[in-house]
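Per my numbering, the sequence shown starts with residue 167, numbered consecutively. One structure below.
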Amino acid sequence: MLRTPLRTPAVVTAVVTRLGAPSMQETRAAEWNPSGLSIPVLTVPEYCKAAPPYLSGELAGDVGFDPMCLAALAKPMPATLPGLLLSAGSRRAKIEAMTPDDQQQALKWMRTAELKHARLAMLCAAGWPMAELANGEFLRSMGTNGRAPSLLNGALFDGPDRGFLTIVFGLSALLEVSGAYYGSNGGDYDFDPLGVASAEGGVLPTSLPNVGQADRLALSELKNGRLAMVAVAGFVAQEYIYGNPVVMQTPFFFGR
């Protein structure tokens, strides 16, 4: 029997450099190249090979990555819906045709939305397993087999959850109408009662130096928030596929 050697698939190489003179667009590249093959396995559009010009790296967590050009969708609903039907290239052309001020406003809108979801996801990532640990019998009585209520698990709009969600949706609508989300810095509501981001009176003044402390905290918040969004999506998918609570699927962490 003849054995055909397996070829290793292409590896995406991303180079991100922020040191010195070269611009972000010049120093960041992401190309698909096969191992041992003379032709590319996948063809990457030209607009995906470099950071888009509207991502200058000034915002915390901006690494120049927006291959789907989602920044072009930065409009209140329902105006966003038609943009979803456009190709990534069309959205790229749309946002590049904007003035620099309009581009910055679009980025602030998207950053505010990202922070809002990231903060909610961090609460959810901690609260999800805690709810399953503390309310196992109650959740089973709701027909979810001990799983936290969700759109896929059911029982999300049953019982006391209905009243809680009504309050949450009402407060969210109030914030949207009042424009509280759209300050000069997306997600910054001048709320720091513990003084974490300041040099004087902060709870972590020794471990985090004053210089750039707020910037580092903003970056840390984004990194943890992005990870939390992935984690919560994983919780939903795991429980829907396997039918068991997350705390039972991970006995190493929760001893179930």
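C-beta: ideal position from N, C-alpha, C; glycine also. None of these values were measured; they are calculated from a predicted model.
Ordered along the chain, which non-local residues of its own chain (more than five positions away) have a Cβ less than 6 Å from that of residue 353? By 1-based counting over the sequence shown, the position of residue 353 is 187. Here residue 353 has 278 and 281 as same chain residues with Cβ atoms under 6 Å from its own Cβ, once five neighbours each way along the sequence are excluded.
Rounded to whole angstroms, what is the Cα-Cα separation between residue 288 and residue 218? For the purposes of this step, residue 288 is identified with residue 122 of the sequence shown, where counting begins at 1. For the purposes of this step, residue 218 is identified with residue 52 of the sequence shown, where counting begins at 1. If you take the alpha carbons of residue 288 and residue 218, they lie about 29 Å apart.
State the CB to CB distance for the pair residue 294 and residue 398, rounded to an integer number of angstroms; the pair is presumed to be in contact (CB under 8 Å). On the sequence shown, residue 294 is found 128 positions in, with the first residue counted as 1. On the sequence shown, residue 398 is found 232 positions in, with the first residue counted as 1. Contact between residue 294 and residue 398 holds: their C-beta atoms lie close to 7 Å from each other, under 8 Å.
Which class does residue 229 belong to by DSSP, given the choice of helix, strand or coil? On the sequence shown, position 63 is the one that residue 229 refers to. DSSP places residue 229 in coil when its eight states are reduced to three.
Where does residue 217 fall in DSSP's three states? Numbered from 1 along the sequence shown, position 51 holds the residue referred to as residue 217. In the three-state scheme derived from DSSP, where H, G and I count as helix and E and B as strand, residue 217 is classed as coil.
Taking the alpha-carbon positions, what's the residue 270 to residue 235 distance? The count along the sequence shown starts at 1 and reaches residue 270 at position 104. The count along the sequence shown starts at 1 and reaches residue 235 at position 69. If you draw a straight line from the Cα of residue 270 to the Cα of residue 235, it comes to about 14 Å.
Which value, in whole angstroms, describes the spacing of the CA atoms of residue 418 and residue 297? Locating residue 418 in the sequence shown gives position 252, where the first residue counts as 1. Locating residue 297 in the sequence shown gives position 131, where the first residue counts as 1. Residue 418 and residue 297 have their C-alpha atoms spaced approximately 18 Å apart.
Please list the terminal residues of the continuous alpha helix (DSSP H) segment that includes residue 267. On the sequence shown, residue 267 is found 101 positions in, with the first residue counted as 1. Segment 266 to 300, the alpha helix (DSSP H) holding residue 267.
Express the C-alpha separation of residue 231 and residue 260 in angstroms, rounding to a whole number. Reading the sequence shown from its first residue, position 94 is the one you call residue 260. Reading the sequence shown from its first residue, position 65 is the one you call residue 231. So the alpha carbons of these two residues sit roughly 17 Å apart.
Suppose the cutoff is 8 Å on Cβ atoms and the five residues either side in sequence are ignored; what does the same chain contact list for residue 252 look like? One-based indexing of the sequence shown puts residue 252 at position 86. Only 238 and 260 meet the Cβ criterion.
Whether residue 220 touches residue 273 by CB criterion (9 Å): Translated into positions along the sequence shown, residue 220 becomes position 54. Translated into positions along the sequence shown, residue 273 becomes position 107. Contact: yes.
Helix, strand or coil for residue 417? Go by DSSP, reduced to three states. Counting from 1 along the sequence shown, the entry for residue 417 is found at position 251. Here residue 417 sits in helix by DSSP.
Candidates 410, 276, 266 and 233: closest to residue 258 by CA position: If you number the sequence shown from 1, residue 258 lands on position 92. Checked all of 410, 276, 266 and 233; the closest Cα to residue 258 is 233.
Distance CB(residue 389)-CB(residue 227) smaller than 9 Å: Indexing the sequence shown from 1 puts residue 389 at position 223. Indexing the sequence shown from 1 puts residue 227 at position 61. Result yes, Cβ atoms of residue 389 and residue 227 sit closer than 9 Å.
Work out the CA separation of residue 330 and residue 337 for me, nearest whole Å. Stepping through the sequence shown from its first residue, residue 337 is reached at position 171. Stepping through the sequence shown from its first residue, residue 330 is reached at position 164. Put simply, the backbone Cα of residue 337 is about 11 Å away from that of residue 330.
Could you tell me the distance, in whole angstroms, from the CA atom of residue 358 to the CA atom of residue 380? The sequence position of residue 358 within the sequence shown is 192, counting from 1. The sequence position of residue 380 within the sequence shown is 214, counting from 1. Distance between the alpha carbons of residue 358 and residue 380: 11 Å.
Using a Cβ-Cβ cut-off of 6 Å (strictly less than) and excluding sequence neighbours within five positions of residue 254, which residues of its own chain qualify? To locate residue 254, count along the sequence shown from 1; it is residue 88. These residues qualify, in order along the chain: 234 and 235.
Are residue 395 and residue 284 touching if we call contact CB-CB under 9 Å? Translated into the one-based positions of the sequence shown, residue 395 becomes position 229. Translated into the one-based positions of the sequence shown, residue 284 becomes position 118. For residue 395 and residue 284, yes; Cβs fall inside 9 Å.
With distances taken Cα to Cα, identify the nearest neighbour of residue 391 among 333, 404, 286 and 410. As a first step, residue 391 must be located in the sequence shown, where it is residue number 225. Answer by Cα proximity: 286.
Mind checking residue 263: buried by the 16 CB within 10 Å criterion, or exposed? Sequence index remark: in the sequence shown, residue 263 carries index 97 (1-based). Under this definition residue 263 is an exposed residue.
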